[in-house]
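Novice: FYI, our numbering numbers position 142 of the sequence shown as 846, with every residue one higher than the one before it. Where a beta carbon is used, it is the ideal one built from N, C-alpha and C, also for glycine. Sharing a structure with you now.
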Amino acid sequence: MRWPGLIDPHVHMREPGGTHKEDWSSGTAAALAGGFTQVLAMPNTDPPVVDNRSLTMVHGLAEKKAHCDFAQYLGATPDNAKTACKLAHKSAGLKLYLDQTYGPLRLDSMALWQSHLQAWPADFPVVAHAEGRTMAAVILLAALSQRPLHLAHVATREEILLVKAAKERGINITCEVTPHHLFLTIDDLADGWREVRPRLGTGSDVAALWENLPVIDCFATDHAPHTAAEKVGENTPPGFPGLETALPLLLTAVHEGRMFLEDVSNRLGKNVRQIFRIPTQQDTWIEVDLEAKRTLSARHMHSKAMWTPFEGWPVRGAVQTVTLRGKKVYQDGRVLSPPGFGKGIR
Ligand code: DOR
Ligand code: ZN
């Protein structure tokens, strides 16, 4: 079957500052292997991407190294509301970190949230990492600022019901859910390995996400690679790699009758394009074998993480080829495009 290239609105490329975990070449190779031809990269790098200088620096790295097309988010800080908004047209969007996560970016005061929500142009995306009560608060502030807001990685029953209720009231929000929150509960992985933000939910949380599939606008991997060595022991960094497992997991759910093929293609394609205003790519498609039977294993992956929370899972569906702007860039496990073939989206 042939599909347009997939879009992942939430990945962590780790470059600059964490290239032992991932870099623009390995991360975008993983993207192609997963069927993604456009990725939007988060700003919690080291240094974080928060101004023109850091944005230009990352664009330079990505232009040299990326195998697929890309855009880079800007991170909101306590003092960049007035300057970041001038860079909106050059970035994937503005990322608001409102709860604890990996890296230094975090805004605690609601006054700061509001200054960003008001300054950032309403026709460019704002994405919030906001859990539980924080999510309720930021939805209200976005509504008061009369601007759209995208909620990253909705993970619990109370969150998905909150999003549903807000949408029913006509509040202009959209949301994404990750495959790991759809397919794993907190009891499925051992200490250390299971650390991710938001945390994995209970069986009831997972059931609520499935029951409210129509509320979910996009699937996003939140590809957050940390190495296997880093995931062992105490205080392990939160995050899972996800680019190379998302599509087969979702296609397996289709195979099992848990959702329709269109539920997947819209949430990894059309809906993401609309919300994030991403232009269509000319002559770009993926060929997917829907029937292929495989066992997921990090051994076959391109990410530097070298592990997956889905190791050993039997799945249906495999990406056979990826064609990007008329050139075959991936075939049966091998990336064929040179680093730098990827282009900036903005
Ligand atoms: O688990 C997570 N890891 N959640 C985040 O929000 C950040 C990410 C990371 O950068 O490692
Ligand atoms: Zn993330």
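What are the residues that DSSP puts in a beta bridge with G721?
Specialist: The count along the sequence shown starts at 1 and reaches residue 721 at position 17. Among the bridge pairs identified by DSSP, G721 is matched with none.
Novice: Reducing DSSP to helix, strand and coil, say where R977 ends up.
Specialist: Working through the sequence shown from its first residue, we reach residue 977 at position 273. Of the three classes helix, strand and coil, the one that applies to R977 here is helix, per DSSP.
Novice: Can you have a look at M705 and say buried or exposed, based on whether 16 or more other CB atoms are within 10 angstroms of its CB?
Specialist: Residue 705 sits at position 1 when you count from the first residue of the sequence shown. Counting Cβ neighbours within 10 Å, M705 comes out exposed, since fewer than 16 surround it.
Novice: Kindly list the residues whose CB is nearer than 8 Å to the CB of L917, restricted to its own chain and excluding five residues on each side of it in sequence; keep chain order.
Specialist: The residue you call residue 917 lines up with position 213 of the sequence shown. Only M963, D967 meet the Cβ criterion.
Novice: Check for me: the alpha helix (DSSP H) holding E862 runs from which residue to which?
Specialist: Locating residue 862 in the sequence shown gives position 158, where the first residue counts as 1. 861-872 is the span of the alpha helix (DSSP H), which, as asked, contains E862.
Novice: Take D773 as the anchor and find which of Y1034, A911, L1028 has the nearest alpha-carbon.
Specialist: Position 69 of the sequence shown holds residue 773. When C-alpha distances from D773 are compared across Y1034, A911, L1028, the shortest belongs to L1028.
Novice: Return yes when at least one heavy atom of the ligand ZN lies under 7 Å from the C-beta of D926, else no.
Specialist: Within the sequence shown, the letter at position 222 stands for residue 926. Checking every heavy atom of the ligand ZN against the Cβ of D926, one is found closer than 7 Å.
Novice: Tell me whether E880 is buried or exposed, calling it buried when 16 or more other Cβ atoms sit within 10 Å of its Cβ.
Specialist: For the purposes of this step, residue 880 is taken as the residue at position 176 of the sequence shown. Buried is the call here.
Novice: Tell me the DSSP secondary structure of V715 in three-state form.
Specialist: For the purposes of this step, residue 715 is identified with residue 11 of the sequence shown, where counting begins at 1. Three-state result, V715: strand.
Novice: Quick check on the DSSP output: the alpha helix (DSSP H) that includes W914 runs from which residue to which?
Specialist: Counting from one through the sequence shown, the residue named residue 914 turns up at place 210. First-last of the alpha helix (DSSP H) with W914: 907-915.
Novice: Quick one: what's got a C-beta closer than 6 Å to L886's C-beta in the same chain, skipping five residues either side?
Specialist: Stepping through the sequence shown from its first residue, residue 886 is reached at position 182. So the list reads L913, once near-sequence residues are dropped.
Novice: Check whether the region 750-762 and the region 1024-1043 touch, using three or more Cβ-Cβ pairs below 8 Å as the test.
Specialist: no
Novice: With three or more C-beta pairs closer than 8 Å as the rule, is the region 798-813 touching the region 773-783?
Specialist: Result yes; three or more Cβ-Cβ pairs closer than 8 Å.
Novice: Just tell me which of H854, A832, A785 has its CA closest to the CA of Q685.
Specialist: Only positions 705 to 1050 of the chain appear in this structure, which leaves residue 685 out of reach.
Novice: Tell me which residues share the same chain as W989 and place their Cβ nearer than 7 Å to its Cβ, disregarding the 5 neighbours each side in the sequence.
Specialist: Within the sequence shown, the letter at position 285 stands for residue 989. Taken in chain order, the residues that qualify are R706, W707, P708, G709, T1027.
Novice: Please state whether DSSP places D892 in a helix, a strand or coil.
Specialist: Sequence index remark: in the sequence shown, residue 892 carries index 188 (1-based). Residue state, collapsed to three classes: helix.
Novice: By a C-beta neighbour count over all protein chains shown, 10 Å radius and 16 as the cutoff for buried, is H771 buried or exposed?
Specialist: Residue mapping note: residue 771 aligns to position 67 of the sequence shown, counting from 1. Under this definition H771 is a buried residue.
Novice: Anyone know if the C-beta pair for E995 and R971 falls short of 8 Å?
Specialist: For the purposes of this step, residue 995 is taken as the residue at position 291 of the sequence shown. For the purposes of this step, residue 971 is taken as the residue at position 267 of the sequence shown. Not in contact: E995 and R971 (Cβ atoms no closer than 8 Å).
Novice: How far does the beta strand (DSSP E) with R706 in it extend, from its first residue to its last?
Specialist: Position 2 of the sequence shown, counting from 1, holds the residue named residue 706. Its beta strand (DSSP E) spans residues 706-708.
Novice: Would you please verify whether the beta carbon of P1018 is less than 8 Å from any beta carbon of chain B?
Specialist: Structure shown: chain B not included; a single protein chain is present.
Novice: Given N975, which residues of its chain have a CB within under 7 Å of its CB, disregarding the five upstream and five downstream residues?
Specialist: Here residue 975 refers to the residue found at position 271 of the sequence shown. Once the five neighbours on either side are set aside, the close Cβ partners of N975 are D921, C922.
Novice: Candidates P983, A1009, E960, Q985: which alpha carbon is nearest P942's?
Specialist: On the sequence shown, residue 942 is found 238 positions in, with the first residue counted as 1. Out of P983, A1009, E960, Q985, A1009 has the C-alpha closest to the C-alpha of P942.
Novice: Please report the residue range of the alpha helix (DSSP H) in which W728 lies.
Specialist: As a first step, residue 728 must be located in the sequence shown, where it is residue number 24. Counting along the chain, the alpha helix (DSSP H) containing W728 begins and ends at 728-737.
Novice: Relative to the C-alpha of Q822, which residue among K1047, A792, P720 is closest?
Specialist: Counting from 1 along the sequence shown, the entry for residue 822 is found at position 118. Among K1047, A792, P720, the Cα nearest to that of Q822 is on A792.
Novice: S969: which of T723, F740, H714 sits nearest, CA to CA?
Specialist: On the sequence shown, residue 969 is found 265 positions in, with the first residue counted as 1. Between S969 and the set T723, F740, H714, the nearest pair of CA atoms involves F740.
Novice: So for T760, helix, strand or coil by DSSP?
Specialist: In the sequence shown, the residue the question calls residue 760 occupies position 56. In this structure, T760 counts as helix in the three-state DSSP scheme.
Novice: Leaving aside the five residues before and after H1004 along the sequence, list all residues of the same chain whose C-beta is less than 7 Å from its C-beta, in chain order.
Specialist: Your numbering for residue 1004 matches position 300 in the sequence shown. Excluding sequence neighbours, H1004 sits near G1037.
Novice: Do you know whose CA, among E726, L800, S1041, lies nearest D750's CA?
Specialist: Within the sequence shown, numbered from 1, the residue matching residue 750 stands at position 46. Considering only alpha carbons, the answer is E726.
Novice: Under 8 Å, do L904 and G738 count as touching if we go by C-beta distance?
Specialist: For this step, residue 904 is matched to residue 200 along the sequence shown. For this step, residue 738 is matched to residue 34 along the sequence shown. Result no, Cβ atoms of L904 and G738 do not sit closer than 8 Å.
Novice: From H714, K799, A734, pick the residue whose C-alpha is nearest to that of K769; which is it?
Specialist: On the sequence shown, position 65 is the one that residue 769 refers to. A check of alpha carbon separations from K769 across H714, K799, A734 identifies A734 as the nearest.
Novice: If you follow the beta strand (DSSP E) that D827 is part of, which residue opens it and which one closes it?
Specialist: Within the sequence shown, numbered from 1, the residue matching residue 827 stands at position 123. Looking at the DSSP string, D827 is not in any beta strand (DSSP E), and its letter there is neither H nor E.
Novice: With DSSP as the reference, label E995 as helix, strand or coil.
Specialist: On the sequence shown, position 291 is the one that residue 995 refers to. Three-state result, E995: strand.
Novice: For R998 and C789, I'd like the C-alpha separation in whole angstroms.
Specialist: Locating residue 998 in the sequence shown gives position 294, counting from the first residue. Locating residue 789 in the sequence shown gives position 85, counting from the first residue. Going from the Cα of R998 to the Cα of C789 covers about 45 Å.
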